[in-house]
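Taking it in order: structure first as structure tokens, then the write-up.
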Amino acid sequence: MPAPYQGGCLCGAIRYEVTSEPIAVALCHCRDCQYVSGGEPAAVVLVARNALAITKGKPKGYTVKGDSGKNVTRQFCETCGTPLFSDIESNPAVWAVKAGSLDDPSWAKPGVIVYTSSAQPWAHMDPALPQFPKMPG
Ligand SMILES: [Zn+2]
Ligand SMILES: [Zn+2]
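Residue numbers (the working numbering): -5 to 131.
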């Protein structure tokens, strides 16, 4: 996907722009993401921390402890509830942007599957993709 690219929430209150190429796209089956995705998994685009700028509105954050013991803060629109991006304290160089919030999610083809250990028994996974029971290394 050629940068820059844009995204936002369903109601349009929050808009953002990313000015560098994505680092990776992952499907996350962790239990917390199942709540946020409304099912599973969450499709997240990892982008460099300094490449993401909020251009409209102000997201709300909800912080939980990840299994690393470090904080994970999921940012969302408090009007429409759209999950937008996560601030992962154990990986401060990136934002994990929810693929569904991109204006054009079609290019965000996942390349890896993580937290398969907490996937539901009915989850469908592409056997061609590398899979990790937790977060790799
Ligand atoms: Zn919204
Ligand atoms: Zn997750």
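Ideal Cβ placement from N, Cα and C applies to all residues, glycine included. Here the structure is a predicted model, which is why all the values come from computation and not from measurement.
query: Inter-residue CB distance, P(-2) and E11 (contact presumed, cutoff 8 Å); result: 5 Å
query: Short Cβ contact (8 Å threshold) for S62 with S84; result: yes
query: Spatial neighbours of D97 in its chain, beta-carbon cut-off 6 Å, leaving aside the 5 residues before and after; result: Q0, G1
query: Exposure label - G13; buried when at least 16 CB within 10 Å; result: Sequence check: residue 13 is Thr here, not Gly. Classification of T13: exposed, given that the 10 Å Cβ count is below 16.
query: D81 in three-state terms, based on DSSP; result: strand
query: Extent of the continuous beta strand (DSSP E) run through Y109; result: First-last for Y109: undefined, no H or E at that position.
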